[in-house]
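A.B. asks: The sequence shown runs 347 to 530 under our numbering.
Think of the CB as a built atom: it goes at the ideal place given N, C-alpha and C, for glycine as much as any other residue.
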Amino acid sequence: MELISAKKKIIESFILHKNKILLFLKILIAGGLLSYIISSIKLSEILIALENADYILILAAFMLVIPNIYLQYLKWHLTCKSILNVDDKEKVFYSLFQGFAAGAFTPFRIGEYFGRAFLFKDKTLMQITIATLVDKIFPLIILAFVGALSSIIFIYFFHAVSFYLAASLFIVVFVLFYLFVQLL
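1. Helix, strand or coil for Ser508? Go by DSSP, reduced to three states.
2. Restricting to runs no shorter than 3 residues, where is the beta strand (DSSP E) found entirely within the stretch 348-417?
3. In this structure, does DSSP put Val492 in helix, strand or coil?
4. Where do the ends of the alpha helix (DSSP H) carrying Val438 lie?
5. Would you tell me roughly how many angstroms separate the C-alpha atoms of Phe491 and Leu525, rounded to the nearest one?
6. Using only the alpha-carbon positions, how far apart do Leu530 and Phe523 sit?
7. Do Gly449 and Glu458 have their beta-carbon atoms positioned less than 7 Å apart in this structure?
8. Report, in whole angstroms, the separation of the C-beta atoms of Lys469 and Leu430, which I expect to be a contact under 8 Å.
9. How about Ile456 and Phe466: do their beta carbons lie closer than 7 Å?
10. So, helix, strand or coil for Leu529, using DSSP?
11. Are the CB atoms of Arg462 and Thr452 nearer to each other than 7 Å?
12. Would you decide whether Val438 is buried or exposed? Buried here means 16 or more other CB atoms lie within 10 Å of its CB.
13. Identify, in the order they occur along the chain, each residue of the same chain with its Cβ nearer than 7 Å to the Cβ of Leu379, setting aside the five sequence neighbours on each side.
14. What span of residues does the alpha helix (DSSP H) with Phe460 cover, start to end?
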C-alpha cells in the first residue's frame, strides 16, 4: 500500500513540477552540447578560416537563411493543414523549430521526427512521423529528378554520347517522374 501511495506522490510531484523539470532538461542538454562544441573547436583554426574566407559568400549564405526557413515553415504548415488538420500557425512554427533543435544533435536528424511531435499532444507519434516523412520526401523527389536531368546533361557534354541517346534519356526521366507523381 505504501508503494502505491509513493508512486502517486511521485507522479503528482512530476505533474506539479513538469515545466521546471523540462526546463532543467533543456538547460542540461544545451549545456552539454555547448561544452562539447567548445571542447572540440580550436580557436586558431577558426581565425585562419575567417582570414581566408570570402565574405561575400558568407553574407549571401546568411541572407538565404531567412527565406529558406520561411519556405520550410510554409511547407510544414501546408503539411500540417492537409494531413494533421492543424491550422494554428504559431503551433506549427514552434513545432518546426523544436524539430530543428531535436534533429541537430541526433544522427541523421532522426530527432526531428520526435521533436515536431511535442506540441501536438492530440496527435499520435505515428501521425506526426508520417506528416514529417511526407514533408521530407517531396524535396528528395525533386532533387532526384533534377539530379537525373543534370547527370544526363553532364554525360552529353563531357562524354561523347550522341544527342539521340541523351534526348531519349531525358524523355525516360520525364515519363518516370510524371508516372511517379501520378501515383502520389
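C.D. replies: To lay it out plainly:
1. For this step, residue 508 is matched to residue 162 along the sequence shown. Three-state DSSP puts Ser508 in coil, outside helix and strand.
2. none
3. If you number the sequence shown from 1, residue 492 lands on position 146. The answer is helix: DSSP assigns Val492 an H, G or I state.
4. Position 92 of the sequence shown, counted from the first residue, corresponds to residue 438. Unbroken alpha helix (DSSP H) run through Val438: Lys435 to Ala450.
5. Counted from its first residue, the sequence shown places residue 491 at position 145. Counted from its first residue, the sequence shown places residue 525 at position 179. If I take the Cα positions, the gap works out to 12 Å.
6. As a position in the sequence shown, residue 530 is number 184, starting the count at 1. As a position in the sequence shown, residue 523 is number 177, starting the count at 1. Cα to Cα, Leu530 sits roughly 11 Å from Phe523.
7. Here residue 458 is taken as the residue at index 112 of the sequence shown, counted from 1. Here residue 449 is taken as the residue at index 103 of the sequence shown, counted from 1. Yes. Within cutoff.
8. Against the sequence shown, residue 469 aligns to sequence position 123. Against the sequence shown, residue 430 aligns to sequence position 84. Right, the Cβ-Cβ distance comes to about 6 Å (below 8 Å), so this counts as a contact.
9. Locating residue 456 in the sequence shown gives position 110, counting from the first residue. Locating residue 466 in the sequence shown gives position 120, counting from the first residue. No, these two residues do not count as a Cβ contact at 7 Å.
10. For the purposes of this step, residue 529 is taken as the residue at position 183 of the sequence shown. Three-state result, Leu529: helix.
11. As a working note, residue 462 is residue 116 in the sequence shown. As a working note, residue 452 is residue 106 in the sequence shown. No, they are not a contact pair.
12. Here residue 438 is taken as the residue at index 92 of the sequence shown, counted from 1. Flag for Val438 reads buried.
13. Position 33 of the sequence shown holds residue 379. Around Leu379: Phe451.
14. Here residue 460 refers to the residue found at position 114 of the sequence shown. Taken as a continuous stretch (DSSP letters only), the alpha helix (DSSP H) holding Phe460 covers Gly457 to Gly461.
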